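>
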Amino acid sequence: MASCMTCMTKRAKLMVVLGVLGLLCVITGCVFLGVADNIIHSKISSRMPLTDKGQTYDQWRHSKSPLYFQVWAFDTLNPEAVLKGDKPEIKEKGPYTYWDERSKHDINFSDDGTVYYKEKRKYNFERSLSVGSDSDTVTVPNLAMTSVMSVLRDKDNMTKAVVEQIFKKFNQTLFVEMSVHDLIWGYKDILLEALAPLAKSMNITLPENNTIGLFTNHNDTDSDNFVIYSGQKGLANFAEIISWNGQKALKLWTSDYANALNGSLGTLFPPFVKKEDQHFFFSTDLTRTLSLKYHKEVEVHGVPLYKFVTPPDNFANVTINPDNAGFCTPAGHCLPSGLLNISNSHYGAPVVASNPHFLFCDKDIRKSVTGLSPNQEAHQSHINLEPLTGVNMDFAIRVQINVHLEKIQGFHETEKLVSVFMPTAWISENAKITKHQAKDFKHQVLDLIIALHVIKYGFLALGCLLLLIAACIPIVYKLRKSSKSEKEENIQKGKPARRRKDSSDSEVDPLLSSCMDSD
Numbered sequence: 468m469a470s471c472m473t474c475m476t477k478r479a480k481l482m483v484v485l486g487v488l489g490l491l492c493v494i495t496g497c498v499f500l501g502v503a504d505n506i507i508h509s510k511i512s513s514r515m516p517l518t519d520k521g522q523t524y525d526q527w528r529h530s531k532s533p534l535y536f537q538v539w540a541f542d543t544l545n546p547e548a549v550l551k552g553d554k555p556e557i558k559e560k561g562p563y564t565y566w567d568e569r570s571k572h573d574i575n576f577s578d579d580g581t582v583y584y585k586e587k588r589k590y591n592f593e594r595s596l597s598v599g600s601d602s603d604t605v606t607v608p609n610l611a612m613t614s615v616m617s618v619l620r621d622k623d624n625m626t627k628a629v630v631e632q633i634f635k636k637f638n639q640t641l642f643v644e645m646s647v648h649d650l651i652w653g654y655k656d657i658l659l660e661a662l663a664p665l666a667k668s669m670n671i672t673l674p675e676n677n678t679i680g681l682f683t684n685h686n687d688t689d690s691d692n693f694v695i696y697s698g699q700k701g702l703a704n705f706a707e708i709i710s711w712n713g714q715k716a717l718k719l720w721t722s723d724y725a726n727a728l729n730g731s732l733g734t735l736f737p738p739f740v741k742k743e744d745q746h747f748f749f750s751t752d753l754t755r756t757l758s759l760k761y762h763k764e765v766e767v768h769g770v771p772l773y774k775f776v777t778p779p780d781n782f783a784n785v786t787i788n789p790d791n792a793g794f795c796t797p798a799g800h801c802l803p804s805g806l807l808n809i810s811n812s813h814y815g816a817p818v819v820a821s822n823p824h825f826l827f828c829d830k831d832i833r834k835s836v837t838g839l840s841p842n843q844e845a846h847q848s849h850i851n852l853e854p855l856t857g858v859n860m861d862f863a864i865r866v867q868i869n870v871h872l873e874k875i876q877g878f879h880e881t882e883k884l885v886s887v888f889m890p891t892a893w894i895s896e897n898a899k900i901t902k903h904q905a906k907d908f909k910h911q912v913l914d915l916i917i918a919l920h921v922i923k924y925g926f927l928a929l930g931c932l933l934l935l936i937a938a939c940i941p942i943v944y945k946l947r948k949s950s951k952s953e954k955e956e957n958i959q960k961g962k963p964a965r966r967r968k969d970s971s972d973s974e975v976d977p978l979l980s981s982c983m984d985s986d
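To convert, count from 1 in the sequence shown and add 467; that's the working numbering.
#1: Taking N624 as the reference, which of N842, Y590, M669 has the closest Cα?
#2: Just to confirm the assignment: which complete beta strand (DSSP E) runs, minimum length 3, are found wholly within the segment 634-712?
#3: Mind checking which residues open and close the beta strand (DSSP E) that includes H572?
#4: Between S690 and E586, what straight-line distance do the alpha-carbon atoms span, to the nearest angstrom?
#5: Ignoring anything shorter than 3 residues, give me the beta strand (DSSP E) runs that lie fully in the segment 833-901, in order along the chain.
#6: Taking 6 angstroms as the limit between beta carbons, can you name the residues of its chain near S989, skipping five residues before and five after?
#7: Starting from the C-beta of E593, find all residues in its chain whose C-beta is less than 6 angstroms away, skip the five residues before and the five after it, and write them out in chain order.
#8: May I have a chain-ordered list of the alpha helix (DSSP H) segments no shorter than 4 residues that lie completely inside the segment 571-622?
#9: Going residue by residue through the segment 493-556, where are the continuous beta strand (DSSP E) segments of at least 3 residues, counting only ones entirely within it?
#10: If you run the structure through DSSP and keep just helix, strand and coil, what is K742?
#11: Below 8 angstroms on the Cβ atoms is my contact criterion, and I expect R528 with K571 to pass it. Report the Cβ-Cβ distance as a whole number of Å.
#12: Flag Q843 as yes when its Cβ comes closer than 7 angstroms to any non-hydrogen atom of the ligand MG, and as no otherwise.
#13: Quick one: is V912 buried, meaning 16 or more other Cβ sit within 10 Å of its Cβ, or exposed?
#14: Quick one: measure Cβ to Cβ for A892 and I868, integer angstroms, because I've assumed they're closer than 8 angstroms.
#15: Is the separation between the beta-carbon of M612 and that of L650 shorter than 8 angstroms?
#16: Is there contact between the segment 744-763 and the segment 834-845, where contact requires at least three CB pairs shorter than 8 angstroms?
#17: So, helix, strand or coil for F794, using DSSP?
#18: May I ask which residues mark the beginning and end of the alpha helix (DSSP H) holding Y724?
#19: Taking the beta strand (DSSP E) that P803 belongs to, which residues open and close that run?
#20: Using 10 angstroms around the beta-carbon of V458, count the other beta-carbons present and answer buried if the total reaches 16, otherwise exposed.
#21: So, for T837: in the same chain, excluding its five sequence neighbours on each side, which residues have a beta-carbon less than 8 angstroms away from its beta-carbon?
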């Protein structure tokens, strides 16, 4: 009897211990379930703000990810026929790849939660990532000649006649052959030099140093300065642009909406990204803000990311997106869907931006030239954000530069032209984190998240298991007691005990077993 009472006491104690431990584990798991997100939020919030000693600072100041500037130029195959009014035939040549080396300097943090800096860009040609040398030549519209004709469109016939004579003197034609390097980075043009003494009297502004190209003054310069939010006063507007080259709003477009500086500069975004968020980034190449919309989940080197893309409505006609009325220049002069007039930032040159290969453009624009194959995967811009930190880990910003050729009264060369937007080149600024960077990120951020998940769900699972064991002790005891009683009864009747195959034959904790057998 004493032995039985002792065993019952042991069972009761064991049930209590297991029950208490199980309950504590469940409570601990529930606590972690509630605070884990706060721990993650706090950890990331402490890491993200830009400070001169912060963890984000070095990567922001001088990007460690390989950043490339890739160019595809369009070679015009039938320039003489185009001058007679035929449809242009073009052939894409590229990529011609440059390593885009960017660094920030003159950095100044302010107490109001902002940071001022200048950014220097230097482009180094990467032959191994290119189809050929950037000395390869292409036949393209004459940028200098088309620019001059465009800015003189509304001038008197006398002025146009003088300029026509200069065209003839220097053997200017509407199409010229030039190197990819000169097309992109610019060249000193003999026509512009000849017109320079007359520019003031004609009331026209010529490109600086009489140098013209699609991205003149981009290489090895630090002409851009920015003020952005550092995140030290809160992360809601982290990395968003406040001013560019001293301007808090642009003066290029025809509405406040179009002239507004919105969003970030495309490298950093506020953390805790949601799929339903609409993000914005300011493009210095296009001198305007672009929107981004969630597209799908992707993965880069094992890091889960949200892919955001530039939707078609960025360049849509005002009939589709009324907000774009402010990008019509002059006011009310709106281009077909998919096109953006950027002549105001190119000294009046008839330069028009679009997505590469006229992706998302009006069908008449796509059919106006031969040799294009628009593809959403290859030609749409995207930014892939890590959702917890908002860090841009993989992006490609793509834009095509076109020259608008049309008949301009007073210029003989354009008499038979059919209005056409001539694709001249398209570029892709792209970067992707390296495997090493992805590994470091997973170690510093994702491993913490995994550990917290293991802890909270581990405690919950262990607690439930211990509670289950505690609940099973009386059941196991009753089964073993029933089996023992049957054995004794059979022995008394002279019958061998019948072996039962049930849960009582399963392995039992030694402590439980000793308690059961002592009965």
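Cβ atoms here follow ideal geometry from the backbone N, Cα and C, with glycine treated the same way.
Fair warning: this is a prediction, and the values are worked out from it, not measured in the lab.
According to the structure shown:
#1: The shortest Cα separation from N624 among N842, Y590, M669 belongs to M669.
#2: Segments of the beta strand (DSSP E) lying fully in the segment 634-712: 642-646, 688-696, 708-711.
#3: H572: member of the beta strand (DSSP E) spanning 557-576, first to last residue.
#4: Each residue's Cα considered, the two are about 8 angstroms apart.
#5: The segment 833-901 contains these whole beta strand (DSSP E) runs: 849-852, 859-872, 887-899.
#6: The question about residue 989 has no answer, for the chain in this structure spans 468 to 986.
#7: These residues qualify, in order along the chain: T564, W566.
#8: Within the segment 571-622, the complete alpha helix (DSSP H) runs of at least 4 residues are 610-618.
#9: Assignment of beta strand (DSSP E) within the segment 493-556, counting only whole runs of 3 or more residues, yields 534-543 in chain order.
#10: Reduced to three states, the DSSP call for K742 is coil.
#11: Between R528 and K571, the beta carbon gap of about 5 angstroms places them in contact (Cβ cut-off 8 angstroms).
#12: For the structure depicted, the ligand MG is absent and the ligand set is empty, with no information on it obtainable.
#13: Residue environment: V912 is assigned as buried (16 or more neighbouring CB atoms within 10 Å of its CB, all protein chains considered).
#14: That belief holds up - the Cβ atoms of A892 and I868 are roughly 6 angstroms apart, short of 8 angstroms.
#15: Cβ atoms of M612 and L650: not closer than 8 angstroms.
#16: Contact fails: fewer than three Cβ-Cβ distances are below 8 angstroms.
#17: The three-state reading of DSSP puts F794 in helix, counting H, G and I together.
#18: Segment 723-726, the alpha helix (DSSP H) holding Y724.
#19: Where P803 is concerned, there is no enclosing beta strand (DSSP E), given that its DSSP letter is neither H nor E.
#20: Any question about residue 458 goes unanswered here, given that the chain covers just 468 to 986.
#21: K554, P555, E556, I557, listed in sequence order.
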